[in-house]
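Protein chains in written order, with my numbering: chain D, 269 to 357; chain R, 269 to 357.
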């Protein structure tokens with residue numbers, strides 16, 4: 269599976285991330301969104317809510333499934349939240 | 269629809285919220301989780317990831333769909349994130 273990982277940080281703009289998510293969903297049918305820390309997770313969830321609105325016009329509805337993943341950031345082991353986004357149904 | 273709303277705050281324990289979500293999913297088949305602010309949204313998403321683990325033993329897999337809702341908190345109009353949790357498929 270070559271699903272692209274969209275990395276979201278606390279300073280990411282939700283609308284810009286939403287556009288990226290909607291684009292990947294349109295071309296791939298699914299997307300992986302990853303965030304570390306409460307602010308980044310919040311931006312990611314808001315982006316997915318906005319992306320859902322963008323995709324309504326295409327007759328698509330998306331859902332997400334969260335999981336924990338260990339990632340290496342500058343040599344430190346941290347726990348990220350990974351949100352698997354897919355078209356409903 | 270009488271789906272219960274599980275309200276999550278920044279100080280909610282993820283594991284406790286996860287237990288509540290798993291319980292409602294087992295009895296109702298769906299649950300609504302609501303959070304205001306980045307920390308609360310983060311706790312809610314973590315709780316849903318943990319609940320997914322709890323429900324695996326029941327052969328259930330859950331997904332969530334985020335949306336924005338306006339809520340009144342002590343007379344102030346604030347935007348909450350509502351996570352509609354449902355059994356996949």
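The beta-carbon is built from N, C-alpha and C at its ideal position, and this holds for glycine as well.
Within chain D, the C-beta atoms nearer than 9 angstroms to that of residue 307(R) come from 306, 307, 310, in chain order. Contact annotation: the region 281-288 of chain D does not touch the region 329-339 of chain D, with fewer than three C-beta pairs closer than 8 angstroms. Annotated as proximal: residue 309(D) and residue 303(D), with beta-carbon spacing under 9 angstroms.
When only Cα atoms are considered, residue 290(D) and residue 299(R) end up about 25 angstroms apart.
In this structure residue 301(D) touches residue 276(D) by the C-beta definition: roughly 6 angstroms separates them, less than 8 angstroms. For residue 317(R), the residues of chain D that pass the 8 angstroms Cβ criterion are 334, 335, 336, 349, in the order they occur in the chain. Cβ-Cβ separation between residue 319(R) and residue 351(R): approximately 11 angstroms, too far for a contact (criterion under 8 angstroms).
Residue 349(D) and residue 337(R) have their C-alpha atoms spaced approximately 23 angstroms apart.
Residue burial is scored here from C-beta neighbours: residue 274(D) has at least 16 other C-beta atoms within 10 angstroms and is therefore classed as buried. Only residues of its own chain outside the window of five on either side were considered, and among them 304, 339 have a CB closer than 7 angstroms to the CB of residue 346(D), listed in chain order. The alpha-carbon of residue 354(R) is positioned some 28 angstroms away from that of residue 280(D).
Against residue 331(R), the close residues of chain D are 331, 332, 333, in the order they occur along the chain (beta-carbon pairs closer than 7 angstroms). For residue 313(D), the neighbours in chain R by C-beta distance under 7 angstroms run, in chain order, 309, 313, 334, 349. For residue 344(R), the number of other beta carbons within 10 angstroms of its own is below 16, and it is reported as exposed. Around residue 335(R), the same chain offers 350 as residues with beta carbons nearer than 6 angstroms, after the five sequence neighbours per side are excluded. In the structure shown, residue 292(D) adopts helical secondary structure according to DSSP, grouped into three states.
Here residue 307(R) has 278 as same chain residues with Cβ atoms under 7 angstroms from its own Cβ, once five neighbours each way along the sequence are excluded.
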